[in-house]
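Participant: Taken in order, these protein sequences are the chains called A and B.
Okay, so the first sequence: first residue is 9 according to the working numbering, each after it adds one.
Okay, so the second sequence: first residue is 52 according to the working numbering, each after it adds one.
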Amino acid sequence: MKVSREEVLHIARLARVGLSEAEITRLSEQLSNLLEHFQVLQQVDTTDVPPTAQSVALESVMRDDVVEASLPPGDILANAPRRDGDCFRVRAVLE
Amino acid sequence: MNYETIIGLEVHAQLLTRSKMYCGCSADYASAPPNTHVCPVCLGMPGVLPVINRQAVEYTMMTALALNCAVSGRTKFDRKNYPYPDLMKGYQISQYDAPIGLKGSLTIEVDGRKKEVGITRVHLEEDVAKLLHRSSPDGHDYSLVDVNRSGVPLMEIVGEPDLRSPEEARQYLIKLRSILRYLGVSTGNMEEGSFRCDANISLLPEGGQEFTAKAEVKNMNSFKAVYLAMEYEAQRQRRAMAEGKKLVQETRGWVEDRGKTVSQRSKEYAHDYRYFPEPDLPPLVIGRDWVEAVRKKLPELPEARRDRFMADYGLPLYDADLLTRDRDMAEYFEEGVKASKEVSAKEVSNWLLGEASRIINAAGIDVVAFRKKVGPPRLVGLIQDSHGTVNIATAKTVLEEMFRTGKDAAAIIGQRGLGQISDTGELEKIVAGVINSNAQPVADYRAGKETALKFLVGQVMKATRGRANPQLVNEVLKQKLIKD
Chain A
9 MKVSREEVLH IARLARVGLS EAEITRLSEQ LSNLLEHFQV LQQVDTTDVP PTAQSVALES
69 VMRDDVVEAS LPPGDILANA PRRDGDCFRV RAVLE
Chain B
52 MNYETIIGLE VHAQLLTRSK MYCGCSADYA SAPPNTHVCP VCLGMPGVLP VINRQAVEYT
112 MMTALALNCA VSGRTKFDRK NYPYPDLMKG YQISQYDAPI GLKGSLTIEV DGRKKEVGIT
172 RVHLEEDVAK LLHRSSPDGH DYSLVDVNRS GVPLMEIVGE PDLRSPEEAR QYLIKLRSIL
232 RYLGVSTGNM EEGSFRCDAN ISLLPEGGQE FTAKAEVKNM NSFKAVYLAM EYEAQRQRRA
292 MAEGKKLVQE TRGWVEDRGK TVSQRSKEYA HDYRYFPEPD LPPLVIGRDW VEAVRKKLPE
352 LPEARRDRFM ADYGLPLYDA DLLTRDRDMA EYFEEGVKAS KEVSAKEVSN WLLGEASRII
412 NAAGIDVVAF RKKVGPPRLV GLIQDSHGTV NIATAKTVLE EMFRTGKDAA AIIGQRGLGQ
472 ISDTGELEKI VAGVINSNAQ PVADYRAGKE TALKFLVGQV MKATRGRANP QLVNEVLKQK
532 LIKD
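Below, the structure is given as structure tokens:
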């Protein structure tokens, strides 16, 4: 299965990643290889296996509605690329 | 060509839990300084483990049951991926194909006609951070991010496209909000954004099967805005069809001060959310015993309470309906009725829907705020006073002062000498004075002009600053006019 140039660009755009021409070609091949591995997995007969997204046999893990301490504001903003007072500052977004 | 308007509403309601949906940060962010209710989970740091808030699930179950939905035995959570600065993780943990509630209904009433509106689903997700838009002095636009709201439990209620007019849409929202408030699961406050509504609207040609392309309308911050936006949009779409234009599927924003919707079509291509099951949250199994326990806890809902008010208190449908739309109003009424045996339920209803509502609306407050100034026993005490101590007109001004000052009726009546004059001797003196200084109307009355009496009664009321008993004034006046 070949991943097309358009598909690579689409995925790059969703991931907000800019790619050079060389990278597009390389990723197209690598992603195609990845999909081929999954085609091998798809040969397994799963007729009687219920689908799941979980690898551990847990169910219904919940917590009580209890307030716990939050982080100090200094720690929250410690990794902020840009900061303005007590807020993160980002490029303008129009809603 | 005639068209039918087709509307379906999606409502997002913040749930009244103490903590957030997947972490223990406080969900009460309204008056919190920016970025103080934040932890690694709601900040979207790598390697954290979200855990489902049991109370949020239970509130969603309550809502699902109140909306006649089936509660799923097996549900799960999914990641909805999209990049936006208010979404800290780059995905929202929502529910995709296994929502908690499925296939319900809500009954609305428009023009005295009942209508059942389908509920597609009720599911649980999380709110996003708040963006504050700013401009720097050099004219640069930028945005600030306050993460406090990120991760607050959000319940989404998707309605079927069963609504056929802006008024039906408005009634649906009023009813839904009322139910959420009765359940105590959400404040339902649209202006503050704890109850939000998006609307899908399209047209169906008469006798046709194919809908026109739908518009998704956003940015409506009140019931009135939803009504006006739907009215505008229904007309815009009809006009476009009449002009032979082709409608396109798009998102449109309601611009309140311009009274119109505008296209928000961006250069962005179609959303590609790439939903997949949330690996950090194991599936959620909701057993029948849990569902039944929650069902038992459901409070009396607006319709049931309305019917009970009619049966128990002999109220007309009109009164019972208005009193029970708001849970706080209904509770105020019932406590009032129970506070006195001498005041009838209908009287309490009249005062609540009349004077009290007028004061509440004029002050732009709600029943809870009114109640802090004038509680049910105090209002009922005043109604009782209006049976004798003061007349109705005075009682109304006393209620205003009770609301303004927080004093009780007796204190105000005593302090301002508002008590009704029921002493005939005192009244006779005042009546004599009025007769002496109004020769013409007195002559008119004696000549057979009945309306002159009304004027004279008015003069006596004025002289007593409204403290006289109007019936007594009538009698005393007539006697004196005939005698003298």
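Quick reminder that beta carbons are idealized off the backbone N, C-alpha and C, glycines included.
Quantities reported herein were computed from a predicted structural model and do not represent experimental measurements.
Measuring straight from C-alpha to C-alpha, what distance separates Pro212/B and Leu227/B?
Facilitator: Rounded to whole angstroms, Pro212/B to Leu227/B spans 15 Å at the Cα level.
Participant: How do the stretch 339–359 of chain B and the stretch 369–379 of chain B stand: do at least 3 beta-carbon pairs fall below 8 Å, yes or no?
Facilitator: Yes, since at least three Cβ pairs between the stretch 339–359 of chain B and the stretch 369–379 of chain B fall closer than 8 Å, the two stretches touch.
Participant: According to DSSP, Leu335/B sits in a beta bridge with which residue or residues?
Facilitator: Answer is Thr126/B, bridged to Leu335/B.
Participant: Looking at the C-beta of Ser253/B, does it have a partner C-beta in chain A at a distance below 8 Å?
Facilitator: It does not: the Cβ of Ser253/B has no partner Cβ on chain A nearer than 8 Å.
Participant: Please confirm whether Pro89/A has its beta-carbon closer than 8 Å to some beta-carbon of chain B.
Facilitator: By this cut-off, Pro89/A is not an interface position.
Participant: Find the residues of chain A that neighbour Pro428/B, judging by a C-beta separation of less than 9 Å, and give them in chain order.
Facilitator: Correct list: empty, because the minimum Cβ distance to chain A is about 34 Å.
Participant: Interface residues of chain A around His438/B at Cβ under 9 Å?
Facilitator: None at all; the shortest Cβ gap to chain A is about 48 Å.
Participant: Shorter than 8 Å from the beta carbon of Gln62/A to some beta carbon of chain B?
Facilitator: At least one chain B Cβ lies under 8 Å of Gln62/A.
Participant: List, in order along the chain, the chain A residues whose C-beta lies closer than 8 Å to that of Val108/B?
Facilitator: Within 8 Å Cβ-Cβ: Met70.
Participant: Following the continuous beta strand (DSSP E) through His174/B, name the residue where it begins and the one where it ends.
Facilitator: That run of the beta strand (DSSP E) goes 164–177.
Participant: At 7 Å on the CB atoms, spell out the chain A contacts of Gly75/B, in chain order.
Facilitator: Per Cβ cutoff of 7 Å: Val74, Val75, Glu76.
Participant: Taking only beta-carbon atoms, is Glu31/A less than 8 Å away from chain B?
Facilitator: Taking Cβ atoms only, chain B never reaches closer than 8 Å to Glu31/A, which makes this a no.
Participant: Of all the CB atoms in chain A, is at least one closer than 8 Å to the CB of Tyr92/B?
Facilitator: The amino acid occupying residue 92/B in the given sequence is Val; Tyr does not appear at that position. False, the Cβ-Cβ gap to chain A never drops below 8 Å.
Participant: Determine, using beta carbons only, whether Leu231/B comes closer than 8 Å to chain A.
Facilitator: Not closer than 8 Å to any Cβ of chain A, the Cβ of Leu231/B fails to qualify, so no.
Participant: Under the rule that 16 or more other beta-carbon atoms within 10 Å means buried, what is Phe421/B, buried or exposed?
Facilitator: Classification of Phe421/B: buried, given that the 10 Å Cβ count is 16 or more.
Participant: Please report how far the alpha carbon of Leu94/B lies from the alpha carbon of Val399/B, in whole angstroms.
Facilitator: Computed Cα separation, rounded: 51 Å.
Participant: May I ask you to list the residues that DSSP assigns as paired with Phe546/B?
Facilitator: This structure gives no information on residue 546/B, because the portion of chain B shown stretches from 52 to 535.
Participant: So Ser70/B contacts chain A; which residues on that side make the cut at Cβ distance below 9 Å?
Facilitator: Chain A residues near Ser70/B: Arg71, Asp72, Asp73, Val74, Val75, Glu76.
Participant: Tell me which residues share the same chain as Pro256/B and place their Cβ nearer than 7 Å to its Cβ, disregarding the 5 neighbours each side in the sequence.
Facilitator: Contacts found: Met52, Tyr54.
Participant: Taking C-beta pairs closer than 8 Å, name the residues in chain A that Ser194/B reaches, listed in chain order.
Facilitator: Near Ser194/B (Cβ distances below 8 Å), the residues of chain A are Arg97, Val98, Arg99, Ala100, Val101.
Participant: With 16 other CB atoms within 10 Å as the buried threshold, where does Gln65/B fall?
Facilitator: It counts as buried.
Participant: DSSP state of Asn132/B, grouped into three classes?
Facilitator: It is a strand residue.
Participant: Can you give me the C-alpha to C-alpha distance between Ser78/A and Ala285/B, rounded to a whole angstrom?
Facilitator: Their Cα atoms are separated by approximately 47 Å.
Participant: Figure out for me which residue from Gln106/B, Gly244/B, Leu532/B, Val236/B has the closest Cα to the Cα of Ala498/B.
Facilitator: Nearest option by C-alpha distance: Leu532/B.
Participant: Could you compute how far the alpha carbon of Arg200/B sits from the alpha carbon of Asp178/B?
Facilitator: Roughly 6 Å separates the two Cα atoms.
Participant: Give the C-beta separation of Ile337/B and Met72/B to the nearest angstrom, bearing in mind that I take them to be a contact with Cβ-Cβ under 8 Å.
Facilitator: Not a contact, Cβ separation roughly 17 Å.
Participant: For the beta strand (DSSP E) holding Lys226/B, just list the boundary residues, first then last.
Facilitator: It is not in any beta strand (DSSP E) - Lys226/B instead sits in the alpha helix (DSSP H) that spans 217–234.
Participant: Taking 8 Å as the threshold (beta carbon to beta carbon), is Pro58/A in contact with chain B?
Facilitator: Not closer than 8 Å to any Cβ of chain B, the Cβ of Pro58/A fails to qualify, so no.
Participant: Can you tell me whether Tyr369/B is helix, strand or coil according to DSSP?
Facilitator: DSSP places Tyr369/B in helix when its eight states are reduced to three.
Participant: Can you name, in chain order, every residue of its own chain whose Cβ lies under 7 Å from the Cβ of Ile464/B, other than the five neighbours on each side?
Facilitator: Closer than 7 Å at Cβ, skipping near neighbours: Asp436, Thr440, Val441, Val449, Gly470.
Participant: Skipping 5 residues on each side, what residues in its chain have a beta carbon closer than 7 Å to that of Leu352/B?
Facilitator: Same-chain partners within the cutoff: Ala117, Ile230, Tyr233.
Participant: Along chain B, in chain order, which residues have C-beta atoms closer than 7 Å to that of Leu66/A?
Facilitator: In chain order: Pro333.
Participant: Can the beta-carbon of Leu195/B be found less than 8 Å from the beta-carbon of Cys95/A?
Facilitator: Cβ atoms of Leu195/B and Cys95/A: closer than 8 Å.
Participant: Which stretch, first to last residue, makes up the beta strand (DSSP E) that contains Tyr193/B?
Facilitator: Note, Tyr193/B: beta strand (DSSP E), 192–197.
Participant: Looking only at its own chain, which residues have a Cβ that is under 7 Å from the Cβ of Val122/B, when we skip the five neighbours before and after it?
Facilitator: Closer than 7 Å at Cβ, skipping near neighbours: Met112, Ala115, Leu116, Ile151, Gly152, Ile337, Val342.
Participant: Along the stretch 94–106 of chain B, where does the CB come closer than 9 Å to a CB of chain A? Name the residues.
Facilitator: Taking 9 Å as the Cβ-Cβ cut-off against chain A, the residues of the stretch 94–106 of chain B that qualify are Leu94, Met96, Val102, Ile103, Asn104, Arg105, Gln106.
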